[in-house]
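Order-wise, the sequence lines are chains A and B.
Residue numbers for the first sequence follow the numbering used here, beginning at 113 and rising by one.
Residue numbers for the second sequence follow the numbering used here, beginning at -10 and rising by one.
See structure below.
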Amino acid sequence: MANVLQTSFLPSISSLRRTPISGSKGKSQSLQVKAKIREIFMPALSSTMTEGKIVSWMKSEGDKLSKGESVVVVESDKADMDVESFHEGFLAAIMVEEGGVAPVGSAIALLAETEDEIAEAKAKSQSSSSTSPKAVEEQPKQIEEAAPDVPAAAAPTVSASKTVALWSAVHPASEGGKRIVASPYAKKLAKELKLDLGTVVGTGPMGRIVAKDVEAAAAAGTTAAPAGTVAVSPSKPAPVAPGIELGTVVPFTTMQGAVSRNMVESLSVPTFRVGYTITTNELDALYKKIKSKGVTMTALLAKATALALAQHPVVNSCCRDGNSFTYNSSINIAVAVAIDGGLITPVLQDADKVDIYTLSRKWKELVDKARAKQLQPHEYNTGTFTLSNLGMFGVDRFDAILPPGTGAIMAVGASQPTVVASKDGRIGMKNQMQVNVTADHRVIYGADLAAFLQTLAKIVEDPKDLTF
Amino acid sequence: MHSICSQATTLPRSNFAFDSRSPAVPISKPVNLRFCGLRKEAFGFSGLTHSCSSRVRCSSRGHSKKISASAENNGTPPKSFDYDLIIIGAGVGGHGAALHAVEKGLRTAIIEGDVVGGTCVNRGCVPSKALLAVSGKMRELQSEHHMKALGLQVSAAGYDRQGVADHANNLASKIRSNLTNSMKALGVDILTGVGTIVGPQKVKYGKVGFPDNIVTAKDIIIATGSVPFVPKGIEVDGKTVITSDHALKLESVPDWIAIVGSGYIGLEFSDVYTALGSEVTFIEALDQLMPGFDPEIGKLAQRVLINPRKIDYHTGVFATKITPAKDGKPVTIELIDAKTKEPKDTLEVDAALIATGRAPFTNGLGLENINVVTQRGFVPVDERMRVIDANGNLVPHVYCIGDANGKMMLAHAASAQGISVVEQVTGRDHVLNHLSIPAACFTHPEISMVGLTEPQAREKAEKEGFEVSVAKTSFKANTKALAENEGEGLAKLIYRPDNGEILGVHIFGLHAADLIHEASNAIALGTRIQEIKFAVHAHPTLSEVLDELFKSAKVKSAASSHGLVSEPVAV
């Protein structure tokens, strides 16, 4: 420790004279800032150098440095040079990002002696950068980048919550999603884009995260929701269009961009559709009965669908790599909801297991969160089967586009009083709704859907199981 | 006709600390590298005009001279010999020795159990250069920025895997037939079969299922080369877990391949695979990538060859177990910490390339018949390539060159050693200066080196009490490099300022492999900096990088030019 403390400053001239020859001597100078947090300065690598550009940081924040180890590559007016650490410690905060320029002698990073001091050093990096008037005047860019911890300062992409249920990124050997399996380029990109890989859904071989997943997630400003149509970063709401001005071209918001991309991507999936007409008199009666307990029609439909899926796991499966079925372990019903400038698909997790009252409360909570744009990624991107209901508009039938990464989506029309002929030759009035399922034919076949719809119809027509 | 491989792959010693250095000779250079450096061919036969397949046949002479083995004369050298020189192994080392032997008037035979050309031509330098040529062009065409800067427009570049694989295979066949023809034309007998030493100056050879033939020779050179080294725990299936032998056939281009070992082979294959669209994960046992290179060059190379590419890496780890892909499961690689031996990580990838160096191929040579014990498979030799027996005595008339002795695992080093041996057996003492043998790695851009690295030079300087200086020049200042828009690169000279001796030169940049020879020749001939700095280089050429390098060196005036001295440098 003693020797580390004593030699903290070297005149830049002597160091630059030596460097072209020796090449291995320390070129960085450090000043003692505080007891144990030191600054790493932009060194003078040649006699004419006034500022240097950071080519690359060879270490990341939090990395341990030993004395003499290269930390950063600096481009001077003459050549690129490695700058070595003069001390041991941890690289606590990078104050000038790669590509940034800093004048000779200004601090470009902070070095903490122990891991505990990293946080302190980070706080320091933010305060010190704003109190360095020279740097502010000369290098406004540097200051802007000097606070990497301030979200969205230099990074427009925002990483979302870390607590994502990685059902869809589960790699066979990834211990149930505990380990993230990502390709080298995906990792590199995620680092560049400051994206948490834990929030990215892998679509590569065996669910591996590949570069295009990271790009998609970054472009969406959040994770690519498997529910497909929707991707909204909860912390970065898409701007609301202030009324439509005719004759103008308005670029997509990030959410609309994500929708667009997902829609185009869906074209690579061979889908087909199967429709079914279901009588809802019993369901309507049940709804009327338990509506006062806070049960919603959406929850009832989700519940019915989940119970039917439980009997037909293949309809709850999906095809990730073109070679295999992925049988999802949970039945998570995503329900499309229109919100300002787009739509989102809050997910009712384990809809087959949760009772209808809890499910209804959950749904209300999700809708509130969605409106407030506070949904967490796992609350909108973990669906295994999607419901889309346009019945409230009086739409009697439509078909839906299958969100990439899932196996099937069901379009639900309005339940309407219909004149029907019954088997005994009479004509009667019944409430009927049409449902239409779009499915990925690589994993789900016609007979699968037909059987599933038959089961669903039975459940809806005799809904006593919905309430347990 | 001057043809053939200018050089080639590869072999690192990185992972698993597979140290091939021969203990007999204290060369302090990383040695198990393998490169081609074929001699020029003596005659201009092309493979086509001399209608001969690449298969070798027993010459009639070999048969007519055969004598039967008999127990009683096994232990005593024969009085008259079938040949003056027999070389076991027709790789590049054996080929170089054979050609030089004929030139010296020796009756020469070469025994080959597999195909002529050995590792270099068939499974090493030559086919890998074909793949690297493709990767270099792909890389260039794919670099939009680079093309734009030159004013070129290229629409999406693509490749046909089989076409690339065929190119590599065709190149190997062509070079193989060139090699075969050059030896036949000179009258070298090519004997087919596995060669075994049965006693002093006596060798048996034969194919499996055929009777053995026995031939005698005044001198014998062992040049049996090496095979890829596969550490235990690694299961090679040839499809998803492969060695360089399989990779050169380019039967697939996996999405994600792990390369175990970041030496020459690993580095070159990472260049090929990333250019063809794969992503690469390096697994390196040592703490840094590219051990064996001069640290400064290694760092720069990492910035150019690794960091911007689709490559990540794990350093300081051993791959203890690698299981090939099967039953829909990916290749799994278990990593442990190289120091603590604690399990560290498990990787699942599409393929794994084992590039952990090469192991000598010396089994079945009959070394026990001349009381020679190999050291980790390597045949012990002295600085004149004379084989040393179990008691530390020289075995008369037996030499070993190339990868089999492990001194410096490069094709051209083997060839140089072979020539050195022929010089000795024809009455002229010769000791090869291994420090003058250049090495190159054919990435884009290339890396080349000769002599000592900076740490090695400083260590030597400390021991022997002299001063070391370093000079550097950048490709950024070179007109030709800038014209090509390839200014990235560095040349580094390590020298003695007191007498101007060149200790080492390291180049990273465009055509580095071709540029190194000015430096290696200077070292071989003992040319000093104060002399070579007056040599003239055409302008504008890349060679001016070295010109500038020599000129920037500061040799003390006392040592200034005293004519063309050519004191050979000690080995």
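Every residue gets a Cβ at the ideal spot worked out from N, C-alpha and C, and that includes glycine.
Unbroken alpha helix (DSSP H) run spanning residue i, endpoints
i	result
residue 422 (chain B)	Counting along the chain, residue 422 (chain B) falls outside any alpha helix (DSSP H), and DSSP gives it neither H nor E.
residue 566 (chain A)	558 to 573
residue 253 (chain B)	253 to 264
residue 366 (chain A)	366 to 377
residue 234 (chain B)	233 to 236
residue 470 (chain A)	468 to 483
residue 636 (chain B)	No information on residue 636 (chain B) is available, as it lies outside the stretch -10 to 560 that chain B covers here.
C-alpha distance - residue i paired with residue j, whole-angstrom precision
i	j	result
residue 485 (chain A)	residue 301 (chain B)	36 Å
residue 482 (chain B)	residue 166 (chain B)	39 Å
residue 75 (chain B)	residue 99 (chain B)	6 Å
residue 568 (chain A)	residue 497 (chain A)	14 Å
residue 547 (chain A)	residue 408 (chain A)	18 Å
residue 131 (chain B)	residue 146 (chain B)	6 Å
residue 534 (chain A)	residue 406 (chain A)	34 Å
residue 198 (chain A)	residue 178 (chain A)	8 Å
residue 389 (chain A)	residue 415 (chain A)	18 Å
residue 24 (chain B)	residue 346 (chain B)	Caution applies to residue 24 (chain B), whose pLDDT of 42 falls short of 50 and renders its modelled position unreliable; the value that the coordinates give is listed next. Looking at the two C-alpha atoms, the distance is approximately 13 Å.
residue 261 (chain B)	residue 417 (chain B)	44 Å
residue 340 (chain B)	residue 102 (chain B)	31 Å
residue 518 (chain A)	residue 297 (chain A)	25 Å
residue 429 (chain B)	residue 514 (chain B)	20 Å
residue 380 (chain B)	residue 306 (chain B)	38 Å
residue 164 (chain B)	residue 153 (chain B)	17 Å
residue 171 (chain B)	residue 546 (chain B)	49 Å
residue 288 (chain B)	residue 540 (chain B)	25 Å
Buried versus exposed call for residue i [16 or more other C-beta atoms within 10 Å across all chains shown]
i	result
residue 539 (chain A)	exposed
residue 139 (chain B)	exposed
residue 471 (chain B)	exposed
residue 162 (chain A)	exposed
residue 536 (chain B)	buried
residue 349 (chain B)	buried
residue 604 (chain B)	Given that chain B is displayed from residue -10 to residue 560, the structure contains no residue 604 (chain B) and the question cannot be resolved.
residue 358 (chain A)	exposed
residue 523 (chain B)	exposed
residue 503 (chain A)	buried
residue 133 (chain B)	exposed
residue 363 (chain A)	exposed
residue 199 (chain B)	exposed
residue 143 (chain B)	exposed
Other residues of its chain near residue i: CB distance less than 8 Å, five sequence neighbours each side excluded
i	result
residue 405 (chain B)	26, 85, 421, 426
residue 190 (chain B)	66, 67, 70, 205, 206, 207, 208, 209, 386
Sequence-distant residues of the same chain with beta carbon closer than 7 Å to residue i, five excluded per side
i	result
residue 552 (chain B)	Confidence at residue 552 (chain B) is low in this model, with a pLDDT of 47, below 50, so its placement is unreliable and the value that follows should be read with caution. Nothing listed; no residue qualifies.
residue 446 (chain B)	457, 483, 492, 493
residue 157 (chain B)	116, 119, 120, 237, 239
residue 408 (chain B)	85, 86, 89
residue 512 (chain B)	424, 425, 439, 440, 491, 558
residue 473 (chain B)	499
Contacting residues, own chain, Cβ-Cβ under 6 Å from residue i (five flanking each side not counted)
i	result
residue 61 (chain A)	Within the shown structure, residues of chain A are numbered from 113 to 580, placing residue 61 (chain A) beyond reach of any answer.
residue 334 (chain B)	324
residue 229 (chain B)	313, 314, 320, 340
Start and end residues, beta strand (DSSP E) containing residue i
i	result
residue 495 (chain B)	491 to 498
residue 526 (chain B)	Note, residue 526 (chain B): premise wrong, no beta strand (DSSP E); not H, not E.
residue 167 (chain B)	Where residue 167 (chain B) is concerned, there is no enclosing beta strand (DSSP E), although the alpha helix (DSSP H) it sits in stretches over 150 to 175.
residue 518 (chain B)	Note, residue 518 (chain B): premise wrong, no beta strand (DSSP E); alpha helix (DSSP H) at 518 to 521.
Inset, instruction - Using a Cβ-Cβ cut-off of less than 7 Å, give me the residues of the segment 283 to 306 of chain B that come near chain A, in sequence order. - result: Under the 7 Å Cβ criterion, the segment 283 to 306 of chain B contributes 285, 288, 292, 296, 299, 300, 301.
Legend entry - Cβ-based contacts, 8 Å cut-off: residues of the segment 303 to 331 of chain B near chain A: Near chain A, meaning a CB-to-CB distance below 8 Å, the residues of the segment 303 to 331 of chain B are 317, 318, 319, 321.
Inset, instruction - Pull out every residue of the segment 313 to 325 of chain A whose Cβ sits closer than 9 Å to any Cβ of chain B, in chain order. - result: When C-beta distances to chain B are compared with 9 Å, the residues of the segment 313 to 325 of chain A below that value are 316, 317, 318, 320, 322, 323, in chain order.
Legend entry - Members of the segment 252 to 276 of chain B near chain A, C-beta cut-off 7 Å: Look at the segment 252 to 276 of chain B: the residues with a C-beta under 7 Å from a C-beta of chain A are 268, 269, 270.
Legend entry - Cβ-based contacts, 8 Å cut-off: residues of the segment 334 to 356 of chain B near chain A: Answer set for the segment 334 to 356 of chain B: 335, 337, 339.
Inset, instruction - Determine which residues of the segment 156 to 189 of chain A have a Cβ less than 7 Å from any Cβ of chain B, and write them out in chain order. - result: So the close ones are 168, 182, 185.
Legend entry - Selection of the segment 483 to 513 of chain A by Cβ proximity to chain B, strictly under 7 Å: Taking 7 Å as the cut-off between beta carbons, none of the residues of the segment 483 to 513 of chain A comes near chain B.
Legend entry - Contact set between the segment 419 to 450 of chain A and chain B, restricted to residues whose Cβ is under 9 Å from the partner: Here the close residues are 435, 436.
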